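A.B. asks: Before anything else, here's the structure in question.
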Amino acid sequence: MSSVPVNAAESIEQHVARLLKSWREETAYLSSSTRITGHPAYQELIALGPAALPFILRDLEQTRDGHLSKALTAITRARPVPTEERGQVRKIAETWLRWARENGHQW
Amino acid sequence: MVEPIKAIFPGLSKSPYRVTSPVSRDYNCIGWAAGDTTRWWWPDLDPDNDAIFWPAGVALEETLDAFVAVFATLGYAPCSGDELESGFEKVALFANQGLPTHAARQLPSGRWTSKLGWREDIEHDLHAVSGDLYGTVELVLKRPIAVASP
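Just so you know, the sequences run in chain order F and B. In terms of our numbering, the first sequence opens at residue 13 and continues consecutively. In terms of our numbering, the second sequence opens at residue 1197 and continues consecutively.
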């Protein structure tokens, strides 16, 4: 997998959008969660920290992509997903969105 | 843009295949082979990754042994070949450089069905998805058709 090129002129929102696009395109045919969340774009999302949160949550609302859960936990240190929901990608997204609303996050 | 299927799996240019589902991030190839379209199955060592499911009691490691153990919980055991066998259903495990990458399930016709990452399900010849991404078939498992799915 390729590394993610840096573009100093873009906003955080543009940066997050570019990382998500690159991540999804380059992991499209993978099943391995290790490789999916180990992708450089995913790791860069995490490295952006709280500044990226509104844009990740916005994407989550649009895509219901629970694979963002690990990044959300890394950024917020929260673990709102109950054990019985593990692996249920769409339900996990709903749980995170509910947690975000309850904790005053806006996106 | 996501690469077209045939660019990723050149073997699909040489044998017939058909797309049998829409794109879905809800389940992956292991879930599909196991008969579960509600969860993403993978052994992730990171306890912070809630987006994956792995049955309790099975080693959390990316090894063929762990994948065999998962399918053993569903009644599957290793067998010698990928041919259609009356009274049995089969699952093929793929690996690349020793790391499990993919699973496909045999259909009653003798052809195979795969969920490709978060993309579509396809019906295909077993070895047509072998290559740089998934590696090759390393093991075939079978179970009597009478055993119920989870």
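Ideal Cβ positions, reconstructed from N, Cα and C, are used throughout, including at glycine. In this text the structure is predicted, and so the values were computed from the model without any measurement.
Under the three-state reduction of DSSP, which class applies to B/ARG1339: helix, strand or coil?
C.D. replies: Of the three classes helix, strand and coil, the one that applies to B/ARG1339 here is strand, per DSSP.
A.B. asks: Which chain B residues sit within Cβ distance under 8 Å of F/LEU72?
C.D. replies: None at all; the shortest Cβ gap to chain B is about 12 Å.
A.B. asks: With a Cβ-Cβ cutoff of 8 Å, do B/ASN1224 and F/SER43 count as a contact?
C.D. replies: yes
A.B. asks: Who does B/ARG1301 pair with in a DSSP beta bridge?
C.D. replies: B/VAL1287, B/THR1309
A.B. asks: Looking at B/VAL1325: is its Cβ nearer than 8 Å to the Cβ of F/ALA40?
C.D. replies: no
A.B. asks: Taking 8 Å as the threshold (beta carbon to beta carbon), is F/ILE104 in contact with chain B?
C.D. replies: yes
A.B. asks: My output table needs one value for B/TRP1250: the three-state DSSP class, helix, strand or coil.
C.D. replies: coil
A.B. asks: Would you mind stating whether F/ALA11 and F/LEU69 have Cβ atoms separated by less than 8 Å?
C.D. replies: Limits of chain F in this structure are 13 at one end and 119 at the other, which puts residue 11 of chain F out of reach.
A.B. asks: For the candidate residues B/ASP1222, B/ALA1247, B/GLN1302, whose alpha-carbon lies nearest to that of B/LEU1289?
C.D. replies: B/GLN1302
A.B. asks: Give, in chain order, every unbroken run of the alpha helix (DSSP H) that is at least 4 residues long and sits entirely within the stretch 45-74 of chain F.
C.D. replies: 45-50, 52-60
A.B. asks: Below 8 Å CB to CB, which residues in the same chain sit around B/THR1297 once its five sequence neighbours on both sides are set aside?
C.D. replies: PHE1290, ALA1291, LEU1329, TYR1330, GLY1331
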